[in-house]
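Residue numbers (our numbering), protein chains in the order written: chain A, 1 to 187; chain B, 1 to 187; chain C, 1 to 238. Below is one structure, written out as structure tokens; comments come after it.
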Amino acid sequence: MPDSEEKIAILSAAIEAVLFTYGEPISIAKLAKIIPESGGPEYIPPAIANLTERLQKSKSGLTIISRGDEVQLVTRPDLRNIVDSLIKEEFSEELTPAALETLAIVIYGGEVPRSTVDYIRGVNSSFIVRNLLVRGLLDRTADPKRGNAYRYRPSFALLRHLGVDRPETLADYAKFRDMLLKFAPPN
Amino acid sequence: MPDSEEKIAILSAAIEAVLFTYGEPISIAKLAKIIPESGGPEYIPPAIANLTERLQKSKSGLTIISRGDEVQLVTRPDLRNIVDSLIKEEFSEELTPAALETLAIVIYGGEVPRSTVDYIRGVNSSFIVRNLLVRGLLDRTADPKRGNAYRYRPSFALLRHLGVDRPETLADYAKFRDMLLKFAPPN
Amino acid sequence: MTYEVATERFSGPLDKLLELIEEEKLPITEVSLAKVTDGFIKFLDAQSGTLDPNILADFLVIAARLLLIKSKVLIPDLTLSEEEEYEVKDLEARLEIYRIFAARGGSASSHIAGYWETRNASFGRPFLFIGSETVFLPGNRLTPETIREAAARVFEELTALTPETSKIKTTIITIEEKIRELMERFTRAINSNFRELTKNHSRSEVVAMFLAVLHLLKRQEISVEQGEQFGDIMLKKK
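Written as structure tokens, this is what we have:
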């Protein structure tokens, strides 16, 4: 599918239909596979940008959130205040200091091994990381560089609860991310 | 909520968010109840008309259908082939190691709440459990001990597929069952 | 379980260190770290009976670094090895970054806490297909054997969580034993001076020795004298 304005708009509607039905976060690669008419993965991001802008401009109750190459269709964060039924789905607990520090390190780090969390906090963080994984606030993915290790990322559930559309829009994101990138624990 | 243009737009967005999270048909009376700021059921139909028109004008992939006094947000009929493609793609995927692990816990556990699956695997399993339900591999039943929670068990079709009439006849059943009980979270 | 609870509630050695530094309104420098070392050791001493051994181990690691820094500031002759210099700089860098992520008002943590508490949040919805049709899609991988393997994998990972804890415990016993051993040796040869006592010893032994001096001082088993700032330390048995 080439990239005329109109074709992008058609693809954006198709993506919206898939995101709506699927509900869960979905990768760009998978979207391209489901919509063969897209012409390939490279055509998906412009259509997602178009969809995001259309939702925003038309004052839709829905919006797009993303993490890396995954996207999800969700409700607009500010509507939580006027829709009663939304509140019950939430993470109601307060964050302990350990949980808050760990979430902050992972979310600003983008994707970090547990050793980074341990090193910055100065304490073994295996239990708090596990706790956050079980609660669904963090995700893990196999570390490509190390056999049995994992890297940790903020989950979509966390992004939704924080009301941010992607980690990059968090306050001071670039600054803190750079600090974390420069700061690697010894192996 | 009175009927200025802007307020209708906000109400229309709120209705869209509610319809999205429910996925099912909802009555106007229920919408009014879920959105207290609507001002009452009489303010809902104009907002639905606004929403329907907005979706159409913005060339959204979604549309509103109504029957009697119930409305539902659905994908546009002409995008049906894409939704079919999504379902086909989703179900043609092989079970991941994580999905097999989740099945194993439920099979050896007999009937377990999701919190046990999460705790034993050390990660949140909500997405995987839903996927296994959709594939007909798990059944769920309301948890008598907890309000909104479910307990999960292997479906009959799954046990048949494995060639066992009862989980007890699986290899190492006693061993894994004991471990499960040992590691299960406190209730 | 108690360890889990303890780690959730307890913010750890860097948090304590930061608290001490902030109490004194000091910048994060070697001199400041040397200044708060005593307070840190005092806290550790008071807590050591009640702290979980795993957490105590985390504290001891930081205590050892602090003592290294303190000896560097107090004993100007002491030249540190490359590795030790790295350890000193590393602790400063870690504190700087921890200060930003610390739950006690670090700006990154404050941002996240702010988003967490705000009344804005988005919601998703699970896959719409659920319950709409009866399907059975096992795929090709589902056999009694793959299920058994999956169960074995799960429990292997679970059991692996436990040894990690016991390994930490072994390390800490070694640290504590080493200190005790050094203190005995030190008590025998007490009427001496620090420089002589530590001559030809490795840096880590010098640090451990310094730790021993502090302990004995605290127990009032010795008295110390230092003629001038950065001068040699004379030690006398009481």
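Don't be surprised by glycine CBs; every beta carbon is placed ideally from N, CA and C.
Asked	Found
Residue interval of the beta strand (DSSP E) (run including proline 154 of chain B)	150-154
With 16 other Cβ atoms within 10 Å as the buried cut-off, status of aspartate 20 of chain B	Per the sequence shown, the amino acid found at residue 20 of chain B is phenylalanine instead of aspartate. It is buried - the Cβ of phenylalanine 20 of chain B has at least 16 other Cβ atoms within 10 Å.
Neighbourhood of glutamate 70 of chain B by C-beta distance below 7 Å, restricted to the same chain and skipping five residues each side	Pro25, Ile26 and Ser27
Alpha carbon of leucine 170 of chain B to alpha carbon of threonine 146 of chain C, nearest angstrom	12 Å
Proline 25 of chain A - partner residues in DSSP beta bridges	Paired residues: none, contrary to the question.
Close beta carbons around glutamate 111 of chain A, own chain, < 6 Å, minus the five adjacent residues each side	Arg151 and Arg153
Isoleucine 72 of chain A, buried or exposed, once every other Cβ within 10 Å from all chains shown has been counted against 16	Residue identity differs from the one stated: residue 72 of chain A is glutamine in this sequence, not isoleucine. Buried, since its Cβ has 16 or more Cβ neighbours within 10 Å.
C-beta neighbour in chain C for threonine 21 of chain B, strict 9 Å	yes
Within 8 Å of chain C by C-beta, residues of the region 50-67 of chain A in sequence order	Thr63 and Ile65
Burial state of serine 92 of chain A (16 or more Cβ within 10 Å)	exposed
C-beta neighbour in chain E for asparagine 120 of chain C, strict 9 Å	The question asks about chain E, but that chain is absent: this structure's protein chains are A, B and C.
DSSP three-state assignment for arginine 140 of chain B, whether helix, strand or coil	strand
Check whether alanine 113 of chain C and alanine 98 of chain A have beta carbons under 9 Å apart	no
Spatial neighbours of threonine 75 of chain A in its chain, beta-carbon cut-off 8 Å, leaving aside the 5 residues before and after	Gly61, Leu62, Thr63, Val83 and Leu86
Test: leucine 192 of chain A CB closer than 9 Å to a CB of chain B	Chain A is shown only over 1 to 187; residue 192 of chain A falls outside these bounds and no answer can be derived.
Proximity below 9 Å, CB of arginine 125 of chain C to CB of tyrosine 43 of chain B	no
Below-9 Å beta-carbon distance, alanine 34 of chain C vs any chain A residue	no
Against chain B: residues of the region 127-144 of chain A by CB proximity under 9 Å	Arg130, Leu133, Val134, Arg135, Gly136, Leu137, Leu138, Asp139 and Arg140
Partners in chain A for leucine 79 of chain B, counting only beta-carbon separations shorter than 8 Å	Ala13, Ala14 and Ala17
Paired residues, beta bridge with leucine 73 of chain A - DSSP	A/Ile64
In DSSP terms, what asparagine 193 of chain C is bridged to	C/Met234
Cβ pair leucine 51 of chain A, glutamate 6 of chain A closer than 9 Å	no
Identified DSSP bridge partners for proline 113 of chain B	B/Arg151
Residue closest to isoleucine 28 of chain C, alpha-carbon to alpha-carbon, out of C/Leu142, C/Leu74 and C/Lys89	C/Lys89
Local Cβ density within 10 Å of aspartate 165 of chain B, reported as buried at 16 or more and exposed below that	exposed
Phenylalanine 210 of chain C in three-state terms, based on DSSP	helix
Check whether methionine 179 of chain A and isoleucine 21 of chain C have beta carbons under 9 Å apart	no
Distance CB(proline 45 of chain A)-CB(serine 122 of chain C) smaller than 9 Å	no
Contact with chain C by valine 71 of chain B, beta-carbon distance below 9 Å	no
Interface positions of the region 100-119 of chain B facing chain C (Cβ-Cβ less than 7 Å), listed along the chain	Leu100, Glu101, Leu103, Ala104, Ile105, Ile107 and Tyr108
CB contact below 9 Å: glutamate 24 of chain A versus chain C	yes
Residue-level contact to chain B via CB, valine 83 of chain A, 9 Å cutoff	yes
Nearest-angstrom Cα separation, counted from valine 117 of chain B out to isoleucine 65 of chain A	27 Å
Simplified DSSP assignment, three categories, for serine 58 of chain B	coil
Close-in-space but distant-in-sequence residues of the same chain around glutamine 188 of chain B (CB under 6 Å, 5 per side omitted)	Only positions 1 to 187 of chain B appear in the structure, and residue 188 of chain B is not among them; the question remains open.
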